[in-house]
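S.K.:
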Amino acid sequence: MSKDEYLKKLRLKIKKLPKQEIEEAINYYQEYFEEAGEENTASVIARLGSPSSVASQILADYAVKDLGTDHDSTKKSLSAIWFIILAILASPIALPLLAVVIIFALTLILVCGVTVLTLFVFVIGLPISGIVSTISGIAVFFQHWQTSIFFIGLGLIAFGIGMLLYSPIVYFSKKVSSGLVKLLKGLVDKITHRSKEAR
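As structure tokens, this is what we get:
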């Protein structure tokens, strides 16, 4: 395989990345080939691995890029998870192993997603039930004031707890999603490392 064929295949494998990222990656590997010299193209390809292997690493690296910054968001983490899945699909591994890896990754994503969603429903439900309880307590004040005070107090407590838990749950969801991305990137790194060793 020539250098141009290699870079063309690599470009196709990473076409889902932003244009600037694609150009940076292609330029990097083009310089890598040029520094080694035309006569060493075969040894450079042997050292790098297949275009699929390199693409898998590029996609995984892009996925975790900037995750440690302060401005990371759940949307950015979901985007990173998507790029990790693309990296797994781009990796040159056997079909049965690929199926197992994809099922594992999707199961992990589903479990984390359901956990975070459940916590958000709980945190949103608490203030709503607190408001309903407070309104119910006010409505029965003239009929039975002791019951009214009980429901108003219960409502205010539920509302307060819901408001207090909101920030920690948002923080927890960000940490879970970025941790999931890093875990899946580690999985991609192991897969690409093993596929290089197998050759």
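Using numbering that gives the first Met the number 0, you'd call the opening residue of the sequence shown number 0 and step up by one each time. The C-beta atom is built at its ideal place from N, Cα and C for all residues, glycine as well. Since this is a predicted model, take the numbers as computed values, not measurements.
Could you check what DSSP says for Gly36 in three-state terms: helix, strand or coil?
M.R.: Position 37 of the sequence shown, counted from the first residue, corresponds to residue 36. In this structure, Gly36 counts as coil in the three-state DSSP scheme.
S.K.: Looking at chain C, is there any beta carbon in it that lies within less than 9 angstroms of the beta carbon of Val187?
M.R.: Structure shown: chain C not included; a single protein chain is present.
S.K.: Quick check: what's the CA-CA separation for Asp69 versus Asn39?
M.R.: The residue labelled residue 69 in the question sits at position 70 within the sequence shown. The residue labelled residue 39 in the question sits at position 40 within the sequence shown. The pLDDT assigned to Asp69 is 47, lower than 50, so where the model puts this residue is not dependable; a value taken from the coordinates is nonetheless given after this. Roughly 43 angstroms between the two C-alpha positions.
S.K.: Give every residue of the same chain whose Cβ lies closer than 7 angstroms to the Cβ of Ser135, excluding the five residues on either side of it in the sequence, and list them in chain order.
M.R.: Sequence index remark: in the sequence shown, residue 135 carries index 136 (1-based). Phe150.
S.K.: Rounded to a whole number of angstroms, what is the C-alpha to C-alpha distance between Ile25 and Ala41?
M.R.: Position 26 of the sequence shown, counted from the first residue, corresponds to residue 25. Position 42 of the sequence shown, counted from the first residue, corresponds to residue 41. About 18 angstroms.
S.K.: Just curious, the alpha helix (DSSP H) that Lys2 is in, first and last residue?
M.R.: As a working mapping, residue 2 is identified with position 3 in the sequence shown. Note, Lys2: alpha helix (DSSP H), 2–12.
S.K.: If Ala98 sits next to Val187, beta carbons under 8 angstroms apart, how far is it from one beta carbon to the other, in whole angstroms?
M.R.: The sequence position of residue 98 within the sequence shown is 99, counting from 1. The sequence position of residue 187 within the sequence shown is 188, counting from 1. Contact doesn't hold; Cβ gap of about 16 angstroms is too wide.
S.K.: Can you round the beta-carbon distance between Val175 and Val115 to whole angstroms, since I take them to be within the 8 angstroms contact cut?
M.R.: In the sequence shown, residue 175 corresponds to position 176, counting from 1. In the sequence shown, residue 115 corresponds to position 116, counting from 1. Indeed, because the Cβ distance is near 6 angstroms, the residues count as touching under 8 angstroms.
S.K.: Do you know offhand how far Tyr5's Cα is from Gln29's?
M.R.: Within the sequence shown, the letter at position 6 stands for residue 5. Within the sequence shown, the letter at position 30 stands for residue 29. One C-alpha to the other measures close to 10 angstroms.
S.K.: Could you tell me the alpha carbon to alpha carbon distance between Leu118 and Val131, rounded to whole angstroms?
M.R.: For this step, residue 118 is matched to residue 119 along the sequence shown. For this step, residue 131 is matched to residue 132 along the sequence shown. Those two C-alpha atoms are separated by around 20 angstroms.
S.K.: Take Phe171 and list the residues in its own chain whose beta-carbon comes closer than 8 angstroms to its own, dropping the five residues that flank it on each side.
M.R.: Along the sequence shown, read from residue 1 onward, the residue named residue 171 stands at position 172. The beta carbon of Phe171 sits closer than 8 angstroms to those of Val115, Leu118, all from its chain and outside the five residues before and after it, given in chain order.
S.K.: Within a Cβ cutoff of 7 angstroms, which residues of the same chain sit near Met162, ignoring the five residues on either side of it in sequence?
M.R.: Reading the sequence shown from its first residue, position 163 is the one you call residue 162. Excluding residues within five positions, the ones whose Cβ falls inside 7 angstroms are Pro126.
S.K.: Taking DSSP as the reference, what is the three-state secondary structure of Lys15?
M.R.: The count along the sequence shown starts at 1 and reaches residue 15 at position 16. It is coil, neither helix nor strand.
S.K.: Is it right to say Ala138 is buried, meaning 16 or more other beta carbons lie within 10 angstroms of its own, or is it exposed?
M.R.: Start at 1 with the first residue of the sequence shown, and residue 138 comes out as number 139. Ala138 comes out exposed.
S.K.: Please report the straight-line C-alpha distance between Lys12 and Ser52, rounded to a whole angstrom.
M.R.: In the sequence shown, the residue the question calls residue 12 occupies position 13. In the sequence shown, the residue the question calls residue 52 occupies position 53. Going from the Cα of Lys12 to the Cα of Ser52 covers about 10 angstroms.
S.K.: Quick one: measure Cβ to Cβ for Tyr61 and Glu20, integer angstroms, because I've assumed they're closer than 8 angstroms.
M.R.: Indexing the sequence shown from 1 puts residue 61 at position 62. Indexing the sequence shown from 1 puts residue 20 at position 21. Their Cβ separation, rounded to whole angstroms, is 6 angstroms, which keeps Tyr61 and Glu20 in contact under 8 angstroms.
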